[in-house]
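Working notes, structure below.
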Amino acid sequence: MKIAHVNGPLPGPKSKQLLDRWHRYEADVVGFQAPVVWDSAKGCVVTDVDGNTFLDWTCGVLVTNVGHCHPHLVAETQKAAARLLNNYECANVERIAAAERLVKALPKHLDRCFFLSTGSEATEAASRLMKRKSGKYEILCFGGGFHGRTCASASMGGLPSPKKGYGPPVPGMIRVPYPNPYRDPNGWCEGGPDFKKYFDFLEYTVAINSAGNLAGVIVEPYEGAAGFIFPPKGWLKKLEQWAHGRGLLLTVDEVQASYGRTGHMWAIEHENIQADILTIGKAIGCGIPVSAVAARAEVFACLSKGEMSSTLGGNPVSSAAVCAVLDIYEKENLVANSAKMGVYMKKRLAEMAKKCKHLGDVRGMGLIMGMEFVKDKKTKEPAPELIKPLIVDCANHGLLIGSVGMYGNVIRVAPPLTITQAEVDESLDIMEGALKRLGSQKFSV
Ligand SMILES: Cc1ncc(COP(=O)(O)O)c(C=O)c1O
Numbered sequence: 009m010k011i012a013h014v015n016g017p018l019p020g021p022k023s024k025q026l027l028d029r030w031h032r033y034e035a036d037v038v039g040f041q042a043p044v045v046w047d048s049a050k051g052c053v054v055t056d057v058d059g060n061t062f063l064d065w066t067c068g069v070l071v072t073n074v075g076h077c078h079p080h081l082v083a084e085t086q087k088a089a090a091r092l093l094n095n096y097e098c099a100n101v102e103r104i105a106a107a108e109r110l111v112k113a114l115p116k117h118l119d120r121c122f123f124l125s126t127g128s129e130a131t132e133a134a135s136r137l138m139k140r141k142s143g144k145y146e147i148l149c150f151g152g153g154f155h156g157r158t159c160a161s162a163s164m165g166g167l168p169s170p171k172k173g174y175g176p177p178v179p180g181m182i183r184v185p186y187p188n189p190y191r192d193p194n195g196w197c198e199g200g201p202d203f204k205k206y207f208d209f210l211e212y213t214v215a216i217n218s219a220g221n222l223a224g225v226i227v228e229p230y231e232g233a234a235g236f237i238f239p240p241k242g243w244l245k246k247l248e249q250w251a252h253g254r255g256l257l258l259t260v261d262e263v264q265a266s267y268g269r270t271g272h273m274w275a276i277e278h279e280n281i282q283a284d285i286l287t288i289g290k291a292i293g294c295g296i297p298v299s300a301v302a303a304r305a306e307v308f309a310c311l312s313k314g315e316m317s318s319t320l321g322g323n324p325v326s327s328a329a330v331c332a333v334l335d336i337y338e339k340e341n342l343v344a345n346s347a348k349m350g351v352y353m354k355k356r357l358a359e360m361a362k363k364c365k366h367l368g369d370v371r372g373m374g375l376i377m378g379m380e381f382v383k384d385k386k387t388k389e390p391a392p393e394l395i396k397p398l399i400v401d402c403a404n405h406g407l408l409i410g411s412v413g414m415y416g417n418v419i420r421v422a423p424p425l426t427i428t429q430a431e432v433d434e435s436l437d438i439m440e441g442a443l444k445r446l447g448s449q450k451f452s453v
């Protein structure tokens, strides 16, 4: 029996009415989404207000790794909410438990954390830590990087949209390209494990731009918003060696890559990267707003008391979520499921790419994959115009997908880590059907 059911073209009548009402009151400035109003969701299945059901490859935006509304997460956060909602930065039982649980789950070399509310707040905090610890102000960052939409986080990013029209960024950002194996006209991906050409260029870029004040490096283990760009094997390790060889602090931004998304609990575990600072968000609360910055105690020691705080950071409800999510990870083998299902899904998507003239690349690891669409596989010219119709077509057949990418031409494949074999197969069948329609005249572009 099929899991997803859509009765008639979207939006359904209730969704249509609600969407019209929404746009009369809230500014319509979010990205393009399938025209449905979510009513409820459980595991990997979303139900809209018209009673349509969909399989979910979005997870919000890589958030609900334990599945939507996991009963243990719901129960634990409700319990905490009934007792105490907020006490700012004062101690509470849940916060203390969450800190202990998170540190015990972190890679061994990181022994302290601090709770905040959003990923942007965590990367802002990381930039402050790098600057305070080193006494310097320059940060090496990457083209295509995304670290959030607040001032320093957007300045460290390397995508146009978070910065467009906002005047000069925070001074001291030195930006270098991120190696992209699918688009590599300069050969930055060649020559591993030394990547000599790349690191010579990096060295040169630093030399001509730096005022001798480099504090640290911030990098995503794969670039998410840029279109799920996975650097060649060994490159991140080499970057770690380069940074540490110069006494620089290395921040790895795992706001989206952590919590098993890549098939390891932490993305840095793939190459045993000794990050000095780790930023964590999204799946840490699986839908409850919480983020964290993690580091060694001696890194946090650069801050005096009172120098880091957040109105909602460490509140009892978010902290209960941190613990509940870790309980679920311990019980349900989610990281192993991510690795296993990821291999299966990538293989089938790669087979689809062979048959679809516009699907230029399928890449990823674990349950995070990007499907990059191009006008022509030889020229690789991006085809962003295919994305909206594909999102609508998939939704009309019962699959919710989202898009990203420097050129807006990449589909995000990021289901909950709880996804079952039946859900994987059915969702892949829907995608396969959509790609076939994309190649035929029936698909309106
Ligand atoms: C790698 C990375 N860093 C930071 C952020 C910002 O997180 P938030 O939207 O919670 O502020 C994101 C969000 O997508 C992200 O993917």
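Numbering-wise, the sequence shown is residues 9 to 453 according to the numbering used here. The beta-carbon is built from N, C-alpha and C at its ideal position, and this holds for glycine as well.
Relative to the C-alpha of residue 53, which residue among 39, 431, 442 and 410 is closest?
Translated into positions along the sequence shown, residue 53 becomes position 45. Comparing Cα positions, the closest option is 431.
What does DSSP give as the partner residues of residue 261 in its beta bridges?
Translated into positions along the sequence shown, residue 261 becomes position 253. Looking at the DSSP assignment, residue 261 forms a beta bridge with 287.
What residue does the beta strand (DSSP E) around residue 236 start on, and which one ends it?
Mapped onto the sequence shown, residue 236 falls at position 228. Following the DSSP letters along the chain, one finds residue 236 in no beta strand (DSSP E), marked with neither H nor E.
Would DSSP call residue 85 helix, strand or coil?
Taking the first residue of the sequence shown as position 1, residue 85 is located at position 77. Of the three classes helix, strand and coil, the one that applies to residue 85 here is helix, per DSSP.
Kindly list the residues whose CB is nearer than 6 angstroms to the CB of residue 148, restricted to its own chain and excluding five residues on each side of it in sequence; keep chain order.
In the sequence shown, counting from the first residue as 1, residue 148 sits at position 140. So the list reads 182 and 225, once near-sequence residues are dropped.
According to DSSP, is residue 407 part of a helix, a strand, or is it coil?
Here residue 407 refers to the residue found at position 399 of the sequence shown. Correct three-state label for residue 407: strand.
Residue 354 versus residue 369: straight-line alpha-carbon distance, rounded
Locating residue 354 in the sequence shown gives position 346, counting from the first residue. Locating residue 369 in the sequence shown gives position 361, counting from the first residue. Spanning the two alpha carbons is a distance of roughly 11 angstroms.
So if DSSP puts residue 56 in a beta bridge, which residue, or which two residues, is it bridged to?
In the sequence shown, residue 56 corresponds to position 48, counting from 1. Answer by DSSP bridge pairing, in chain order: 46.
Proximity winner among 126, 117, 10 and 36, relative to residue 319 (alpha-carbon distances):
Indexing the sequence shown from 1 puts residue 319 at position 311. The shortest C-alpha separation from residue 319 is found at 126.
Taking just the CA atoms, how far does residue 376 sit from residue 397?
Locating residue 397 in the sequence shown gives position 389, where the first residue counts as 1. Locating residue 376 in the sequence shown gives position 368, where the first residue counts as 1. Residue 397 and residue 376: Cα-Cα distance of roughly 22 angstroms.
Since residue 271 and residue 374 are thought to touch, with beta carbons under 8 angstroms apart, how far apart are those beta carbons, to the nearest angstrom?
Along the sequence shown, read from residue 1 onward, the residue named residue 271 stands at position 263. Along the sequence shown, read from residue 1 onward, the residue named residue 374 stands at position 366. The pair is a contact, with the Cβ atoms about 3 angstroms apart (cut-off 8 angstroms).
Let me know the secondary structure DSSP gives residue 146 once reduced to three states.
To locate residue 146, count along the sequence shown from 1; it is residue 138. Looking at residue 146 - three-state DSSP - the assignment turns out to be strand.
Which same chain residues, not among the five before or five after residue 217, have their C-beta less than 6 angstroms away from its C-beta?
Within the sequence shown, numbered from 1, the residue matching residue 217 stands at position 209. Cβ within range, chain order: 182.
Once DSSP output is grouped into helix, strand and coil, what is the label at residue 360?
The residue given as residue 360 occupies position 352 in the sequence shown. Residue state, collapsed to three classes: helix.
In the DSSP output, which residue or residues are listed as bridge partners for residue 31?
Start at 1 with the first residue of the sequence shown, and residue 31 comes out as number 23. Looking at the DSSP assignment, residue 31 forms no beta bridge with any residue, so it has no partner.
Give me whichever residues DSSP pairs with residue 369 in a beta bridge.
As a working mapping, residue 369 is identified with position 361 in the sequence shown. Paired residues: 380.
Determine the direct distance from the alpha carbon of residue 9 to that of residue 450, and round the result to whole angstroms.
Numbered from its first residue, the sequence shown carries residue 450 at position 442. Numbered from its first residue, the sequence shown carries residue 9 at position 1. Model confidence at residue 450 stands at a pLDDT of 49, short of 50, so the residue's coordinates are unreliable; what they give is reported in the following sentence. C-alpha separation (whole angstroms): 27 angstroms.
Beta carbon of residue 292, beta carbon of residue 302: below 8 angstroms?
Start at 1 with the first residue of the sequence shown, and residue 292 comes out as number 284. Start at 1 with the first residue of the sequence shown, and residue 302 comes out as number 294. In this structure, residue 302 does not lie closer than 8 angstroms to residue 292 by Cβ.
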